[in-house]
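Read in order, the letters of the sequence shown are residues -21 to -1, 1 to 521 in mature numbering (1 follows the signal peptide of the UniProt record, and there is no 0). Beta carbons: idealized from backbone N, C-alpha and C, even for Gly. None of these values were measured; they are calculated from a predicted model.
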Amino acid sequence: MEMRRFLGGLCFLALLRLGGAAEAVVGVAGVDGRRAIAATDEDFVCATMDWWPPDKCDYGTCSWGLASLLNLVENFSLQILSKFFSPPPDLSNKILLNAVRAFSPLKLRLGGSLQDKLVYGTGDGGGPCAPFVKNTSEMFGFTQGCLPLHRWDELNAFFQKSGARIVFGLNALNGRVPLPDGSMGGPWDYTNAASLIRYTASKGYKIHGWELGNELSGSGVGTKVGADQYAADVIALKSLVDTIYQGNPSKPLVLAPGGFFDAGWFTEVIVKTRPNLLNVVTHHIYNLGPGVDTHLIEKILNPSYLDGMVSTFSNLQGILKSAGTSAVAWVGESGGAYNSGRHLVTDSFVFSFWFLDQLGMSAKYDTKSYCRQSLIGGNYGLLNKETFQPNPDYYSALLWHRLMGTKVLSATFNGTNMIRAYAHCAKDSPGITLLLINLSGNTTSQVSVTSEGAHANTVKKHSRKTRHLAAGSMREEYHLTAKDGSLQSQVMLLNGRALVADENGEIPRLEPVKVDAAQPIAVAPYSIVFAHIHNFPAPACS
């Protein structure tokens, strides 16, 4: 088996070098390894889980199925029962369990639009704990829903089993009253939230963070809350968490606002919660527009369009630094295209161009964690909602998690604007990992890597200043391409081999090909390459 993989890797590299009919271009990736420009959390890659019921539909398509937190992992409980009963119930959730476990840990943010209509069945509400019911006259098209405590117990059993690290989004609209301008006024009634937090702490369930609200910042989605009141509510949540977890060495973080970036609104909340009443500032990204847009692929493959997010990351960092706060930035939810994404775009190979570019760009601007909408559900899930088979972006996320360390390095690319380049110190290993994304379907880029990238502006300068790697040294390359060359394929190839979970639900091994480090990196058309360069001169990584 090992020999077959080795020979397969050699064949793949040989085909890559030939390049087929693609035009070959020369480029230089410059990496400045002298100092880190930013740092991420160890568990930078994060995914979301949502509350949408099966009858959540967009543009005539109902894409959530049984992916809701209220019913998704019910089959996990059945898996436990399967040890005692025959025939076993549906065991496809083995993939779900293994997919989360593979990250060790995967941070999961539980929330979404309906979180601000969710109450918790702790007994203080007075009424029955009823599920969400479709009602088009209600905000987001559903009535209030309830999370039963037995369901919360089931979910936490799964989180513990899978090793997930949990951030829970709280209902921030309880107790508020509608105002004439369409916003919600008055202070947050945290009675029900406090009951859930106390119950959770009493059961010993580990929570990484409690987040207040979903998309209520700025002009809001559905409704909004003013920044001054929101800041006061964040302070109330911080006090609540401090009290309930007093003496606990693993006190959860306090996060807010989980909404779209609005400079004035965010500045006011950050200033009024400084220096340490808010741990994490979370914002959401759906920069590609609605899922119904037929031009999504054009946007994804347009480097100028991708660069449009730089201002958001940069402006938020500027606010945090000038405000004198200890709070850090996360992307708390990002699905690219809103209203559940678009089938065969946001759940296919082409979306990894956007997704990995977002991870690279956000990390450069000191974003500590990036939560992808969604782990499962909608048309942008990392996992298929029926089979649980990982979609291409799952493997992109897992490779990032395993190869890209926390220290971010400055990386430039000269040769074509269709190559996106990002570099980090390697994860738990010497050297660096370089990520190269080829947005062109017509050119193979032969990429040389130099340690003088921070000071060279042209390929010619790079060639003079390249610091050659030791003769005979090797690097590890992970080439990602689409099955059958189709950008809309839901199967990703790693070094020419299809990535598919096996019949036992095991996630496939992600194995590199080894290449002479003195050779350029061949980046095929419409492909993505992670290159782990062990002996790259990078004092920042030592």
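Counting C-beta atoms within 10 angstroms of its own C-beta, residue 102 has fewer than 16 neighbours from the protein chains shown and is therefore classed as exposed. Distance check between residue 468 and each of 403, 215, 329, 221 places 329 closest, using alpha-carbon atoms only. Under DSSP, residue 113 forms a beta bridge with 121. Counted as a single uninterrupted DSSP element, the beta strand (DSSP E) harbouring residue 386 occupies residues 383 to 393. In this structure, the straight-line span from the alpha carbon of residue 261 to that of residue 88 is close to 11 Å. Secondary structure of residue 250 (DSSP, three-state): helix. According to the DSSP assignment, residue 342 belongs to the alpha helix (DSSP H) that extends over 330 to 343.
With contact defined as three or more Cβ pairs closer than 8 Å, the segment 300 to 320 and the segment 352 to 362 are in contact.
Residues of the same chain with a CB within less than 7 Å of the CB of residue 184, apart from the 5 flanking positions on each side, are 135 in chain order. In its chain, beyond the 5 residues on either side, 98, 99, 101, 103, 104, 150, 153 have a beta carbon closer than 8 Å to the beta carbon of residue 171.
Assigned with DSSP and collapsed to three states, residue 511 falls in strand. The beta carbon of residue 412 is closer than 8 Å to those of 382, 383, 384, 402, 403, 404, 405, 406, 509, 510, 511, 512 in its chain, skipping five residues each way along the sequence.
By DSSP's assignment, residue 217 forms no beta bridge with any residue. In the DSSP annotation of this structure, the continuous segment of the beta strand (DSSP E) that includes residue 311 starts and ends at 307 to 313.
Bridge pairing for residue 423: 3 [DSSP]. Cβ neighbours of residue 39 within its own chain (closer than 7 Å, five residues either side excluded): none.
Distances from the alpha-carbon of residue 423 to those of 147, 494, 186, 499 put 499 closest.
Under the 10 Å beta carbon count, residue 124 is surrounded by 16 or more other beta carbons and is classified as buried.
The beta carbon of residue 396 sits closer than 7 Å to those of 282, all from its chain and outside the five residues before and after it, given in chain order.
In the DSSP assignment, residue 461 falls within the beta strand (DSSP E) that extends over 453 to 461. In terms of Cα proximity to residue 340, the closest of 378, 179, 106, 291 is 291. The continuous stretches of beta strand (DSSP E) do not include residue 169, and DSSP gives it neither H nor E. Assigned with DSSP and collapsed to three states, residue 282 falls in helix. About 20 Å separates the beta carbon of residue 22 from that of residue 48, a gap too long to meet the 8 Å contact definition. Per DSSP, residue 132 is one residue of the alpha helix (DSSP H) stretching across 128 to 141.
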